[in-house]
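Residue numbers for the sequence shown, in numbering that gives the first Met the number 0: 0 to 298. The C-beta atom is built at its ideal place from N, Cα and C for all residues, glycine as well. Keep in mind that this is a model prediction, so the values were computed, not measured. Working notes for the structure below.
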Amino acid sequence: MSANSEKDIPVNIYRPANPFTAKCVANEVLVRPGASGDTRHIKIDISGGDLRYLEGQSIGVLPPGEDKNGKPNKLRLYSIASTRLGDDLDAKTLSLSVKRLEYQNEAGEAIKGTCSNFLTDLKPGDEVRLTGPVGKEMLLPDDPNATVIMIATGTGIAPFRAFLWRMFKEQHIHTDYQFKGLAWLFFGVPTDTTVLYKADLEWLAYKHKKHFRYDVAISREQKNAEGEKMYIQNRMAEYADELWELIQKPSTHTYMCGLRGMEDGISQFMTKTAEKSGVVWKDFEKQMKRDGRWHVETY
Ligand code: FAD
Ligand code: A2P
Numbered sequence: 000m001s002a003n004s005e006k007d008i009p010v011n012i013y014r015p016a017n018p019f020t021a022k023c024v025a026n027e028v029l030v031r032p033g034a035s036g037d038t039r040h041i042k043i044d045i046s047g048g049d050l051r052y053l054e055g056q057s058i059g060v061l062p063p064g065e066d067k068n069g070k071p072n073k074l075r076l077y078s079i080a081s082t083r084l085g086d087d088l089d090a091k092t093l094s095l096s097v098k099r100l101e102y103q104n105e106a107g108e109a110i111k112g113t114c115s116n117f118l119t120d121l122k123p124g125d126e127v128r129l130t131g132p133v134g135k136e137m138l139l140p141d142d143p144n145a146t147v148i149m150i151a152t153g154t155g156i157a158p159f160r161a162f163l164w165r166m167f168k169e170q171h172i173h174t175d176y177q178f179k180g181l182a183w184l185f186f187g188v189p190t191d192t193t194v195l196y197k198a199d200l201e202w203l204a205y206k207h208k209k210h211f212r213y214d215v216a217i218s219r220e221q222k223n224a225e226g227e228k229m230y231i232q233n234r235m236a237e238y239a240d241e242l243w244e245l246i247q248k249p250s251t252h253t254y255m256c257g258l259r260g261m262e263d264g265i266s267q268f269m270t271k272t273a274e275k276s277g278v279v280w281k282d283f284e285k286q287m288k289r290d291g292r293w294h295v296e297t298y
């Protein structure tokens with residue numbers, strides 16, 4: 000049986016009425032000095048219960064406390080950033096990439112997002128109530144020769160970190176999955192200081208040149224040839240023909256994760272690119288979705 004066959008996909012092992020109480024093991028700042036914003040790599044001990052998960056799934060977090068209506072805070076979802084083995088390779092942890100949400104409301108008051116602030120403030124030993132896992136949209140194809148195109152903005156890198164670690168950092172462990180295809184990551188962030196997991200990604204791209212391509216779009220520091228802000232779709236446009244060739248192959252899976260706002264830009268880019276071959280992108284996209292080759296998780 001293949002690793003990801005329907006029967007093996009763990010879903011909702013824990014539900015909000017009966018969550019699993021896990022413990023924070025580590026909380027590391029992912030952005031570098033000078034960065035605006037605060038994103039953390041949070042490792043959570045899930046041992047002692049029945050929780051397990053696959054790369055590409057999300058976990059529910061139940062923040063403590065009540066909302067403004069006096070109801071218990073509702074769960075928020077977070078993409079799991081570690082492989083099923085966890086960062087310590089003992090299947091006892093899961094890791095998240097969490098951005099602290101802070102903004103000013105119309106009255107000029109500083110507002111802090113409930114769950115992201117709970118998570119980014121966690122200290123080792125603190126308890127976290129978890130539900131799930133959930134999600135079948137972002138699972139890796141079983142085919143070790145597949146082409147896997149990943150399009151991430153910000154914390155959208157989380158599931159792709161899990162993919163890439165499984166493909167390239169755990170090869171010595173797997174007997175059933177030796178990736179020999181092509182993984183191509185497009186990663187959009189505001190500044191160089193906010194390229195999450197930068198050193199790891201650059202090392203992987205150097206070490207696994209034949210199987211991993213990595214292109215970053217730094218929106219506030221780079222521009223395209225037309226002088227526009229370097230959004231991820233503008234970086235992809237530099238490889239339009241090559242991407243279109245790949246995307247048409249039945250063994251290619253394309254994944255998008257991160258800001259909901261990027262969907263329009265990617266769609267416009269794909270429409271323009273497909274049009275050059277006389278293909279209507281909307282129809283093609285529909286077929287890819289039906290074939291399970293076009294995977295989107297934006298928030
Ligand atoms: P809340 O207290 O819920 O506040 C959010 C609300 O604040 C918004 O709904 C909006 O009404 C308002 N708001 C937000 N920004 C502004 C603004 N600028 N101006 C005015 N109002 C605003 N997040 C991650 O960090 N990492 C992940 O890996 C991740 N994965 C996800 C996976 C999935 C499948 C989904 C659905 C979401 C994911 N998220 C992820 C987002 C996460 O679930 C939360 O939505 C996020 O952390 C904010 O939650 P919060 O409780 O801090 O904010
Ligand atoms: P910018 O913030 O310069 O507008 P983060 O979640 O860390 O803020 O990163 C999200 C990245 O996605 C940023 O570089 C952000 O650019 C970029 N972005 C914002 N809107 C879009 C969009 N519509 N299409 C593509 N990228 C976007």
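Q | Whole runs of the beta strand (DSSP E) within the segment 3-86, excluding any shorter than 3 residues | A | 19-28, 38-44, 57-61 and 75-78
Q: Decide if the segment 56-69 is in contact with the segment 139-149; the criterion is three or more beta carbon pairs, one per stretch, under 8 angstroms apart.
A: Segments in contact, no.
Q: Return yes when the C-beta of residue 23 is under 7 angstroms from any heavy atom of ligand 1, and no when it is not.
A: Within the sequence shown, the letter at position 24 stands for residue 23. No - ligand 1 has no heavy atom lying nearer than 7 angstroms to the Cβ of residue 23.
Q | Residues bridged to residue 196 [DSSP beta-bridge criterion] | A | Within the sequence shown, numbered from 1, the residue matching residue 196 stands at position 197. In the DSSP output, where bridge partners are listed per residue, residue 196 has none listed.
(Q) Does residue 254 come out as helix, strand or coil in the three-state DSSP assignment? (A) For this step, residue 254 is matched to residue 255 along the sequence shown. Strand, per DSSP.
Q | Residue closest to residue 131, alpha-carbon to alpha-carbon, out of 262, 290, 123 and 14 | A | To locate residue 131, count along the sequence shown from 1; it is residue 132. Nearest C-alpha to residue 131: 14.
Q: State yes or no: is the C-beta of residue 125 within less than 8 angstroms of the C-beta of residue 22?
A: Residue 125 sits at position 126 when you count from the first residue of the sequence shown. Residue 22 sits at position 23 when you count from the first residue of the sequence shown. Contact flag set, yes.
Q | Buried versus exposed, by CB contacts within 10 Å (16 or more), residue 119 | A | Counted from its first residue, the sequence shown places residue 119 at position 120. So residue 119 ends up on the buried side.
Q | Outcome for residue 285 when other beta-carbon atoms lying within 10 angstroms are tallied against a minimum of 16 | A | Residue numbering aside, residue 285 sits at position 286 when the sequence shown is read from its first letter. When all chains shown are included, residue 285 counts as exposed.
Q) Leaving out five residues before and five after residue 99 in sequence, what residues of the same chain have Cβ atoms less than 8 angstroms from its Cβ? A) As a position in the sequence shown, residue 99 is number 100, starting the count at 1. Excluding positions up to five away in sequence, the list reads 36, 37, 38, 39, 111, 112, 115, 116 and 119.
Q | Rounded Cβ spacing between residue 181 and residue 207 (contact assumed at less than 8 angstroms) | A | Position 182 of the sequence shown, counted from the first residue, corresponds to residue 181. Position 208 of the sequence shown, counted from the first residue, corresponds to residue 207. Not really, about 10 angstroms apart at Cβ, beyond 8 angstroms.
Q) At what residue ranges does the segment 118-143 contain a whole run of the beta strand (DSSP E), taking only runs of 3 or more? A) 126-133
Q.
So, for residue 86: in the same chain, excluding its five sequence neighbours on each side, which residues have a beta-carbon less than 7 angstroms away from its beta-carbon?
A. Walking along the sequence shown from the start, residue 86 turns up at place 87. The residues are 42, 92 and 94.
Q: For the alpha helix (DSSP H) holding residue 157, just list the boundary residues, first then last.
A: Walking along the sequence shown from the start, residue 157 turns up at place 158. Where residue 157 is concerned, the enclosing alpha helix (DSSP H) stretches over 157-163.
Q: For residue 259, count neighbouring C-beta atoms within 10 Å of its own C-beta (all shown protein chains included) and say buried if the count is 16 or more, exposed if not.
A: Here residue 259 corresponds to residue number 260 of the sequence shown, with the count starting at 1. Counting Cβ neighbours within 10 Å, residue 259 comes out exposed, since fewer than 16 surround it.
(Q) Going by DSSP in three states, residue 384 sits in which element: helix, strand or coil? (A) For residue 384 there is no data in the structure shown, the boundaries of the chain being 0 and 298.
Q. According to the neighbour-count rule (16 or more other Cβ atoms, all chains shown, within 10 Å of its Cβ), is residue 1 buried or exposed?
A. For the purposes of this step, residue 1 is taken as residue 2 along the sequence shown, with counting starting at 1. Low confidence applies to residue 1: its pLDDT is 45, below 50, so where it sits in the model is not reliable, and the reading given next is rough at best. It counts as exposed.
Q: Note down the Cα distance separating residue 233 from residue 8, rounded to an integer number of angstroms.
A: In the sequence shown, counting from the first residue as 1, residue 233 sits at position 234. In the sequence shown, counting from the first residue as 1, residue 8 sits at position 9. So the two alpha carbons sit approximately 35 angstroms from each other.
Q. Of all residues in the structure, which have a C-beta closer than 5 angstroms to any heavy atom of ligand 1, taken in chain order?
A. Taking every residue with its beta carbon within less than 5 angstroms of a heavy atom belonging to ligand 1 gives, in chain order, 57, 75, 76, 77, 78, 97, 98, 100, 102, 112, 113, 114, 115, 154, 157 and 298.
Q) From this set, 249, 274 and 188, which residue's C-alpha is nearest residue 292's C-alpha? A) Translated into positions along the sequence shown, residue 292 becomes position 293. Per the Cα distances, 249.
Q: Could you give the DSSP three-state label for residue 145: helix, strand or coil?
A: Position 146 of the sequence shown, counting from 1, holds the residue named residue 145. Residue 145 falls in the coil class under three-state DSSP.
**Q.** Which residues DSSP lists as bridging residue 150, in chain order
**A.** In the sequence shown, the residue the question calls residue 150 occupies position 151. 185 and 255, per the DSSP bridge assignment.
Q: Would you decide whether residue 54 is buried or exposed? Buried here means 16 or more other CB atoms lie within 10 Å of its CB.
A: The residue you call residue 54 lines up with position 55 of the sequence shown. Answer is buried; the Cβ neighbour count reaches 16.
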